[in-house]
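Residue numbers (the numbering used here), protein chains in the order written: chain A, 97 to 258; chain B, 97 to 258.
Here a beta-carbon is modelled for each residue, glycine too, at the ideal position from N, C-alpha and C.
Okay, structure coming up:
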């Protein structure tokens with residue numbers, strides 16, 4: 097129901113939000129999110145084109161989040177990656193229906209609207225686990241960080257003082 | 097978000113419910129629902145295999161609904177055609193997460209759960225319009241019926257006494 101591309105993009109965005117401004121290469125994001133690297137790289141290009149992430153070349157380059165996680169919603173990401181289509185008009189093209197939906201399409205649209213509302217109301221900051229709970233995309237009590245020297249992912253104990 | 101197969105199958109089931117026991121060939125259902133005939137025929141085979149519809153061969157044969165529209169829900173149809181997958185376990189396979197979802201996957205699952213609830217609570221009988229409102233899959237104030245002689249679809253005025 098939620099496309100794989102959307103789910104993968106959300107993993108990537110949450111990963112960048114967890115890095116708190118530290119650039120992260122596509123290879124590293126793919127490693128953390130467990131998404132095939134080529135697939136991830138293509139998704140990141142789309143997110144960069146849409147201005148959601150910055151892409152910086154060079155030795156210490158990589159992707160950073162270009163938006164405040166408190167202002168960025170799941171809906172914003174879905175809209176870029178694989179927009180959810182509401183049913184505003186009769187899908188059969190029946191002229192007399194027009195924008196007045198029959199009970200079948202009205203009910204389907206209500207279900208879609210529920211998802212839209214949840215996604216519009218959920219910011220990326222809400223997807224970052226508070227200390228002590230299950231952290232997204234990583235082993236419990238650990239978060240990933242980058243090894244400055246090797247560029248490899250390493251896990252570190254989560255700070256409980258946050 | 098709702099797959100085309102599910103939407104088409106719902107159109108077909110609603111069409112059969114509107115026929116009130118009168119057999120309807122795949123060709124006629126395809127005509128009413130405006131679904132490509134080959135696609136529709138394949139969907140009907142699946143619904144017949146699952147026991148949701150009866151298939152009767154012969155001159156006056158066709159498909160009939162095998163369930164009471166008051167007991168048949170959207171969910172029942174979705175389950176057969178293209179099941180909605182809830183997120184019960186960490187999709188990344190992170191062992192320490194197990195069935196304890198992180199905030200990202202918990203929120204996604206909540207959105208899916210909302211759709212599940214709507215679909216479980218909506219019966220096919222609720223998708224049939226009361227007289228005077230917009231009827232599913234047909235021009236306003238008309239419902240389709242079958243011409244016994246030619247087997248063609250004809251539209252008739254909707255009864256307002258129902």
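Put simply, the backbone Cα of residue 121 (chain A) is about 19 Å away from that of residue 173 (chain A). Just so you know, the alpha carbons of residue 209 (chain B) and residue 217 (chain B) end up roughly 12 Å apart.
A contact between stretches requires three or more CB pairs, one per stretch, nearer than 8 Å, and the region 158–166 of chain B meets this requirement with the region 115–132 of chain B. Membership of residue 213 (chain B) in the alpha helix (DSSP H) is indicated by the continuous run 199–217. Between the region 194–209 of chain A and the region 194–207 of chain B, the count of Cβ pairs shorter than 8 Å is below three; the stretches do not touch.
Here DSSP, grouped into helix, strand and coil, assigns residue 101 (chain A) to helix. Only buried fits residue 169 (chain A), as 16 or more other CB atoms lie within 10 angstroms of its CB. C-alpha of residue 135 (chain B) to C-alpha of residue 147 (chain A): approximately 40 Å in a straight line. Residues of the region 198–218 of chain B with a Cβ closer than 7 Å to any Cβ of chain A, in chain order: 198, 199, 200, 203, 204, 206, 207, 208, 210, 211, 214, 215 and 218. Residue state for residue 160 (chain B) is assigned as strand, using DSSP reduced to three classes.
Taking C-beta atoms as the reference points, residue 119 (chain A) and residue 152 (chain A) count as a pair closer than 7 Å.
Listed in chain order, the positions of the region 120–141 of chain A with a beta carbon within less than 7 Å of a beta carbon of chain B are 130. Under the Cβ distance rule, residue 98 (chain A) counts among the residues neighbouring chain B, one pair being separated by less than 7 Å.
Assignment of residue 149 (chain B) by DSSP, reduced to helix, strand and coil, places it in the strand class. For residue 120 (chain B), the pairing in a beta bridge is given by DSSP as B:159.
Between residue 131 (chain A) and residue 177 (chain A), the CB-CB gap reaches or exceeds 7 Å.
When DSSP states are grouped into helix, strand and coil, residue 169 (chain B) belongs to the strand group. Think of a sphere of 8 Å around the beta carbon of residue 110 (chain A): the chain B residues whose beta carbon falls inside it are 200, in chain order.
Taking all protein chains in view, the Cβ of residue 213 (chain B) is surrounded by fewer than 16 other Cβ atoms within 10 Å, so the residue is classified as exposed. Contact annotation: residue 105 (chain B) and residue 139 (chain B) have beta-carbon atoms nearer than 7 Å.
Nearest neighbour of residue 184 (chain A) by Cα position, chosen from A:143, A:206, A:154 and A:117, turns out to be A:206. Annotated three-state conformation of residue 183 (chain B) is coil, per DSSP.
With a contact defined as Cβ atoms closer than 8 Å, residue 110 (chain A) and residue 188 (chain A) miss out at about 39 Å. In the three-state reduction of the DSSP assignment, residue 223 (chain A) falls in the helix class. When the beta-carbon positions are compared, residue 204 (chain A) and residue 180 (chain B) stay at least 7 Å from each other. Interface residue (Cβ-Cβ distance to chain A less than 7 Å): residue 176 (chain B) is not classified as such.
At a cut-off of 7 Å between beta carbons, residue 223 (chain B) contacts chain A. With distances taken between CA atoms, residue 117 (chain B) lies nearest to B:163 out of B:129, B:171 and B:163. For residue 103 (chain A), the chain B residues whose C-beta falls within less than 8 Å of its own C-beta are 187 and 204, listed in chain order.
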